[in-house]
Every structure is written in C-alpha cells, then in structure tokens.
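In UniProt numbering, the protein residues as written are 1 to 171.
All residues carry an ideal CB built from backbone N, CA and C; glycine is no exception.
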Amino acid sequence: MQRESGRVNRDALATELLDSLAGPDLTRYAFELPARAEQVSRARKMVSARLESWGVGEDAHDTALLVLSELFTNAIVHTGGHLVACELRADADRLRVTVQDQGAAATGPRVCHGAEGERGRGLLLVEAVSCAWGTYDAAPGAGRVVWAELPFVPAADAASREGASASEWPC
Numbered sequence: 001m002q003r004e005s006g007r008v009n010r011d012a013l014a015t016e017l018l019d020s021l022a023g024p025d026l027t028r029y030a031f032e033l034p035a036r037a038e039q040v041s042r043a044r045k046m047v048s049a050r051l052e053s054w055g056v057g058e059d060a061h062d063t064a065l066l067v068l069s070e071l072f073t074n075a076i077v078h079t080g081g082h083l084v085a086c087e088l089r090a091d092a093d094r095l096r097v098t099v100q101d102q103g104a105a106a107t108g109p110r111v112c113h114g115a116e117g118e119r120g121r122g123l124l125l126v127e128a129v130s131c132a133w134g135t136y137d138a139a140p141g142a143g144r145v146v147w148a149e150l151p152f153v154p155a156a157d158a159a160s161r162e163g164a165s166a167s168e169w170p171c
C-alpha cells in the first residue's frame with residue numbers, strides 16, 4: 001500500500017479479484033482508520049451501520065463483523081503501518097470484506113490449524129465462516145490485502161429463502 005498525503009492508495013483495492021463482483025447491483029463502501037487497537041471497535045460500528053442500511057440479515061451481519069474484526073486486528077498486530085483501509089462490496093448474493101494494511105510479514109498471513117498457543121487462529125475462523133478468502137500483495141507499493149466473501153441475502157429476500165437447502169445458498 002502506498003501512502004499519498006497520509007492516505008492509503010485505494011487503487012490497490014481495485015484489483016481483478018474485486019472486479020469479479022462488478023455488476024449492476026453492486027454496492028460499495030470504503031474507509032480508512034489509524035492502525036490502532038482502539039479503532040477496531042470504531043470500524044465495527046461503521047460497518048454495522050452500513051450493513052444495516054443495506055438490509056443485511058442478522059446472521060450475515062454478525063459474520064461480517066466477526067470477519068472484519070479478525071482482519072482489521074491482524075492488520076494492526078502483524079504490520080507496522082499507520083493506516084488500515086477497509087472496503088465492503090455487496091452484489092445480489094455475495095458480501096466481500098476487504099482489509100488492506102501498509103506492510104506485511106515476509107510470509108504473509110497463514111491459517112494456524114493447531115490448537116497450541118493463544119494467538120494465530122483468527123484466519124482459521126475467517127476460513128470457517130467464509131465462502132472464500134484470500135490475500136495478495138497490494139500494488140503498487142507495500143502492503144497486503146486480505147479479503148473474505150460471505151453469502152449475502154438482503155433482509156427482504158431472507159423470508160423467501162427460509163427453508164431453502166444449503167445447496168441453494170450462494171457460495
């Protein structure tokens with residue numbers, strides 16, 4: 001992630017992976033916050049308010065907040081950046097949560113499958129609740145982007161999908 005006048009280069013968020021969600025019903029929201037632990041709560045509040053305004057159902061809402069918390073916290077704990085950029089993108093059936101930091105460890109984020117230790121299982125949780133997730137180097141400049149996709153069912157559509165089998169859900 002390249003810093004320009006103290007801001008995150010949002011061009012790095014507009015990658016091929018994100019473009020796969022492009023379409024006529026795409027909804028997008030992005031922001032950046034200082035890379036400090038107390039900002040995780042602020043990011044959650046901002047995302048919660050936006051998801052409510054989009055009519056995201058309770059399960060997807062709570063899952064998106066969990067994913068955001070994990071990814072935002074990782075961006076703070078594992079990098080030396082000053083800012084974290086977040087983006088939400090929703091189309092008719094998917095919600096993508098993207099977090100970009102300003103620097104990354106040489107190996108990048110990894111899922112810890114072991115139970116030992118107090119830390120390192122956040123991405124395992126993200127993997128468990130997401131349809132898909134991934135990471136890539138931000139370009140141009142330093143930084144890493146981590147994203148996760150969740151099924152997205154607008155509240156108005158949720159009632160019509162009650163009783164649907166798991167195979168009928170997106171992802």
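The DSSP assignment places 83-90, 94-100 as complete runs of the beta strand (DSSP E) inside the segment 50-114, in order along the chain (cut-off: 3 residues). Per DSSP, Ala-148 is one residue of the beta strand (DSSP E) stretching across 144-151. In the assembly as shown, Asp-101 is a buried residue. Its beta-carbon has 16 or more other beta-carbons within 10 Å. Residue range 122-129 is occupied by the alpha helix (DSSP H) that includes Ala-128. For Arg-28, the secondary structure class from DSSP, reduced to helix, strand or coil, is strand. Residue Val-126 holds the alpha-carbon nearest to the alpha-carbon of Asn-74 among Ala-138, Val-126, Pro-151, Glu-149.
Residue pairing by DSSP leaves Ala-138 without any beta bridge partner.
If you draw a 10 Å sphere on the C-beta of Glu-149, you find 16 or more other C-beta atoms in it, and that means buried. Shown here, Ala-43 sits in a helix according to DSSP, grouped into three states. Using a Cβ-Cβ distance cut-off of 8 Å, the segment 42-52 and the segment 62-73 are in contact, since at least three pairs of beta carbons, one from each stretch, lie closer than that value.
As the crow flies, the alpha-carbon of Ala-128 is around 28 Å from that of Pro-34. Around Ser-69, the same chain offers Val-40, Arg-44 as residues with beta carbons nearer than 7 Å, after the five sequence neighbours per side are excluded.
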